[in-house]
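Colleague: Residue numbers (my numbering), protein chains in the order written: chain P, 29 to 195; chain L, 973 to 1260.
All residues carry an ideal CB built from backbone N, CA and C; glycine is no exception.
If you're wondering where the values come from, they're calculated on a predicted model, not measured in any experiment.
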């Protein structure tokens, strides 16, 4: 018999109340209990960043967090990211730059890139590489990912997609 | 082995230390080590899992008299970005900067790094050279009892400390360094992120007219605990930081460490790195 505990928290802007196994990690809760499978399991020990989510405005590895520790906190997953303008701009930039190869690392990359852009509005490539160093892409498609994040930070109000439409 | 029977998230320090009285408690802070270690079966839960996140006295970074107090729950990111730490404790900033990845720095706490007592714990070497004290709280009878212990006496082995099961680390206190104080940290690994130190070195002291005094040198990942290097300190204390002094200190450093061969490096390589990098750091200090 596993010990359960009821928690209340905000997930992608919606209040949730759940009973979770006390020993369960937040990644398993999101995928198995809530059913949001955008957050990926890669390594289970914080090396790969595929499970990156944001909690109270900072990015962290959901595999290294207890589900019960979400109690009272504000959790954002990749499913909630594109509800916000910066998340949507990031998604567009990833598409435009072909920054998605197999796609498995993409949710984690986007969650971490979004946190980076919240702290550094206009990062250069070195800053992006530093910010994404906890995220692995096993296709090794780093160049386009870094380009996509730099370009997203470099945008003014007009996105390249919109600029392209105007041509 | 006892079974996990209770989850508890106290909201005050009194509640937390009262819960610790029986000693049968696993403490959860940032969770970056406890989550993977427990899921891999390397750590067994005790009867109660206590989440200390909601205890207010354990957060924050403040100036208290002549000390900087860092709450046990301060994350590595909070420490690295805090103006007090950036102004006074550059060796600690440097260690935080080389700590794991952004995601782990955002979650991992300094209290957790101290209590894990890894010989390669990134913040431990700078805390040693900065003369930090570990704040402990317990409830021996019915009243909260708090005291401090120098971090140089805190570690007793790999993963082992002098903290009893009834005690909670509530923070760490670091004397504000005097004017002219220098401190440096160096971590050697094979890649910039998410690496466990092959070796790490901390150097601190007061530098005046090229002479280093009140010298502190500490090494990580060369023994079962991070340790102060007393022979190396003696080779430097009160001496002019010239080439001969620096070489003598680097040799003393190589002679006083006794590392092991493991997956990250051989003992020979670690000793050579201790010599070479101690020398390079001292040359850098001499030019300051």
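My output table needs one value for residue 1124 of chain L: the three-state DSSP class, helix, strand or coil.
Modeller: Mapped onto the second chain, residue 1124 of chain L falls at position 152. DSSP places residue 1124 of chain L in helix when its eight states are reduced to three.
Colleague: Per DSSP, what are the beta-bridge partners of residue 1041 of chain L in this structure?
Modeller: Locating residue 1041 of chain L in the second chain gives position 69, counting from the first residue. Per DSSP, L/1034 and L/1145.
Colleague: Could you check whether residue 1065 of chain L and residue 1106 of chain L sit closer than 7 Å to each other, using their CB atoms as the reference points?
Modeller: Your numbering for residue 1106 of chain L matches position 134 in the second chain. Your numbering for residue 1065 of chain L matches position 93 in the second chain. Taking 7 Å as the Cβ cut-off, residue 1106 of chain L and residue 1065 of chain L do not qualify as a contacting pair.
Colleague: Can you tell which of P/108, P/75, P/98 and P/173 has its C-alpha closest to the C-alpha of residue 1076 of chain L?
Modeller: Locating residue 1076 of chain L in the second chain gives position 104, counting from the first residue. Comparing Cα positions, the closest option is P/75.
Colleague: Using 7 Å as the limit for Cβ to Cβ distance, is residue 53 of chain P near chain L?
Modeller: Position 25 of the first chain, counting from 1, holds the residue named residue 53 of chain P. Closer than 7 Å to some Cβ of chain L, the Cβ of residue 53 of chain P qualifies, so yes.
Colleague: Give a yes or no on contact between the segment 151 to 166 of chain P and the segment 990 to 1010 of chain L, applying the rule of three or more CB pairs nearer than 8 Å.
Modeller: No, the segment 151 to 166 of chain P is not in contact with the segment 990 to 1010 of chain L.
Colleague: According to DSSP, what are the bridge partners of residue 1117 of chain L?
Modeller: The residue you call residue 1117 of chain L lines up with position 145 of the second chain. According to DSSP, which records beta bridges pairwise, residue 1117 of chain L is partnered with L/1110.
Colleague: Considering only the alpha carbon of each residue, which of P/46, P/150 and P/51 lies closest to residue 978 of chain L?
Modeller: In the second chain, counting from the first residue as 1, residue 978 of chain L sits at position 6. Out of P/46, P/150 and P/51, P/51 has the C-alpha closest to the C-alpha of residue 978 of chain L.
Colleague: Specify the secondary structure class of residue 165 of chain P as computed by DSSP and reduced to three states.
Modeller: The residue you call residue 165 of chain P lines up with position 137 of the first chain. DSSP places residue 165 of chain P in coil when its eight states are reduced to three.
Colleague: Counting contacts by CB-CB distance shorter than 7 Å, is residue 1158 of chain L in contact with chain P?
Modeller: To locate residue 1158 of chain L, count along the second chain from 1; it is residue 186. So, not an interface residue.
Colleague: What does the Cβ neighbour count give for residue 1232 of chain L, buried or exposed, with the cut at 16 atoms within 10 Å?
Modeller: In the second chain, counting from the first residue as 1, residue 1232 of chain L sits at position 260. That one is exposed.
Colleague: Are the CB atoms of residue 1085 of chain L and residue 1095 of chain L nearer to each other than 7 Å?
Modeller: Indexing the second chain from 1 puts residue 1085 of chain L at position 113. Indexing the second chain from 1 puts residue 1095 of chain L at position 123. Yes, Cβ-Cβ distance for residue 1085 of chain L and residue 1095 of chain L is below 7 Å.
Colleague: Taking all protein chains shown into account, decide if residue 180 of chain P is buried (16 or more other Cβ within 10 angstroms of its Cβ) or exposed.
Modeller: For the purposes of this step, residue 180 of chain P is taken as the residue at position 152 of the first chain. Answer is buried; the Cβ neighbour count reaches 16.
Colleague: Is it buried or exposed, residue 119 of chain P, if we count other Cβ atoms within 10 angstroms and call 16 or more buried?
Modeller: Taking the first chain and counting its residues from 1, the one referred to as residue 119 of chain P is at position 91. By the neighbour-count rule (16 or more Cβ atoms within 10 Å), residue 119 of chain P is buried.
Colleague: Quick test of your reading: residue 1197 of chain L and residue 1129 of chain L, contact by CB under 8 Å. State the CB separation rounded to the nearest angstrom.
Modeller: Counted from its first residue, the second chain places residue 1197 of chain L at position 225. Counted from its first residue, the second chain places residue 1129 of chain L at position 157. That belief holds up - the Cβ atoms of residue 1197 of chain L and residue 1129 of chain L are roughly 6 Å apart, short of 8 Å.
Colleague: How far does the alpha helix (DSSP H) with residue 1085 of chain L in it extend, from its first residue to its last?
Modeller: Here residue 1085 of chain L is taken as the residue at index 113 of the second chain, counted from 1. That run of the alpha helix (DSSP H) goes 1082 to 1088.
Colleague: Are the C-beta of residue 1090 of chain L and some C-beta of chain P separated by less than 7 Å?
Modeller: By one-based count along the second chain, residue 1090 of chain L stands at place 118. So no, residue 1090 of chain L is outside the interface.
Colleague: Mind listing, in chain order, the continuous alpha helix (DSSP H) runs of no fewer than 4 residues lying wholly within the segment 118 to 158 of chain P?
Modeller: You should have 134 to 147.
Colleague: Examine the ligand NAD and report whether any of its heavy atoms sits within less than 6 Å of the Cβ of residue 1179 of chain L.
Modeller: This structure lacks the ligand NAD, and indeed carries no ligand of any kind.
Colleague: Which residue marks the beginning of the beta strand (DSSP E) containing residue 996 of chain L, and which one marks its end?
Modeller: Taking the second chain and counting its residues from 1, the one referred to as residue 996 of chain L is at position 24. Taken as a continuous stretch (DSSP letters only), residue 996 of chain L belongs to no beta strand (DSSP E), as it is neither H nor E.
Colleague: With three or more C-beta pairs closer than 8 Å as the rule, is the segment 1240 to 1259 of chain L touching the segment 1152 to 1164 of chain L?
Modeller: Touching, yes.
Colleague: Take residue 176 of chain P and list the residues in its own chain whose beta-carbon comes closer than 6 Å to its own, dropping the five residues that flank it on each side.
Modeller: Start at 1 with the first residue of the first chain, and residue 176 of chain P comes out as number 148. Here the set comprises 121, 122, 125 and 127.
Colleague: Hey, would you say residue 1228 of chain L sits closer than 7 Å to residue 1207 of chain L, going by beta carbons?
Modeller: As a first step, residue 1228 of chain L must be located in the second chain, where it is residue number 256. As a first step, residue 1207 of chain L must be located in the second chain, where it is residue number 235. Going by C-beta atoms, residue 1228 of chain L is not nearer than 7 Å to residue 1207 of chain L.
Colleague: What are the residues of the segment 76 to 88 of chain P that lie near chain L, defined by any Cβ-Cβ distance shorter than 7 Å?
Modeller: The residues in question are 77, 80, 86, 87 and 88.
Colleague: From the beta carbon of residue 103 of chain P, is the nearest beta carbon of chain L less than 7 Å away?
Modeller: Here residue 103 of chain P refers to the residue found at position 75 when the first chain is read from its first residue. No, no contact with chain L.
Colleague: When DSSP labels each residue in this structure, what does residue 1229 of chain L get in the three-state scheme?
Modeller: One-based indexing of the second chain puts residue 1229 of chain L at position 257. Note: residue 1229 of chain L maps to coil in three-state DSSP.
Colleague: Examine the Cβ distances between the segment 1135 to 1153 of chain L and the segment 1232 to 1241 of chain L and report whether three or more of them are shorter than 8 Å.
Modeller: No: the two stretches stay apart, fewer than three of their Cβ pairs being nearer than 8 Å.
Colleague: What is the rounded straight-line gap between the Cα of residue 1117 of chain L and the Cα of residue 1144 of chain L?
Modeller: Position 145 of the second chain, counted from the first residue, corresponds to residue 1117 of chain L. Position 172 of the second chain, counted from the first residue, corresponds to residue 1144 of chain L. Each residue's alpha carbon lies about 16 Å from the other.
Colleague: I believe residue 999 of chain L touches residue 1024 of chain L by the beta-carbon criterion, under 8 Å. Please report the beta-carbon distance rounded to the nearest angstrom.
Modeller: Reading the second chain from its first residue, position 27 is the one you call residue 999 of chain L. Reading the second chain from its first residue, position 52 is the one you call residue 1024 of chain L. The pair is a contact, with the Cβ atoms about 6 Å apart (cut-off 8 Å).
Colleague: Helix, strand or coil: how does DSSP classify residue 1139 of chain L here?
Modeller: Within the second chain, numbered from 1, the residue matching residue 1139 of chain L stands at position 167. In this structure, residue 1139 of chain L counts as coil in the three-state DSSP scheme.
Colleague: When DSSP labels each residue in this structure, what does residue 36 of chain P get in the three-state scheme?
Modeller: Working through the first chain from its first residue, we reach residue 36 of chain P at position 8. Strand.
Colleague: Chain L beta carbons: is any one of them nearer than 7 Å to that of residue 73 of chain P?
Modeller: Taking the first chain and counting its residues from 1, one reaches residue 73 of chain P at position 45. For residue 73 of chain P, the answer is yes, since a Cβ of chain L falls inside 7 Å of its Cβ.
Colleague: By how many angstroms is the C-alpha of residue 90 of chain P removed from the C-alpha of residue 164 of chain P?
Modeller: The residue you call residue 164 of chain P lines up with position 136 of the first chain. The residue you call residue 90 of chain P lines up with position 62 of the first chain. When rounded, the distance between both Cα atoms is 15 Å.
Colleague: From which residue to which residue does the alpha helix (DSSP H) around residue 1253 of chain L run?
Modeller: As a first step, residue 1253 of chain L must be located in the second chain, where it is residue number 281. Looking at the DSSP string, the run of the alpha helix (DSSP H) that includes residue 1253 of chain L is 1239 to 1258.
Colleague: Below 8 Å on C-beta distance, what does residue 1131 of chain L contact in chain P?
Modeller: Within the second chain, the letter at position 159 stands for residue 1131 of chain L. The premise fails here: residue 1131 of chain L is roughly 17 Å from chain P at the closest Cβ pair, so nothing lies under 8 Å.
Colleague: Classify residue 990 of chain L as helix, strand or coil using the three-state DSSP reduction.
Modeller: Indexing the second chain from 1 puts residue 990 of chain L at position 18. In the structure shown, residue 990 of chain L sits in a helix (DSSP, three-state: H, G or I).
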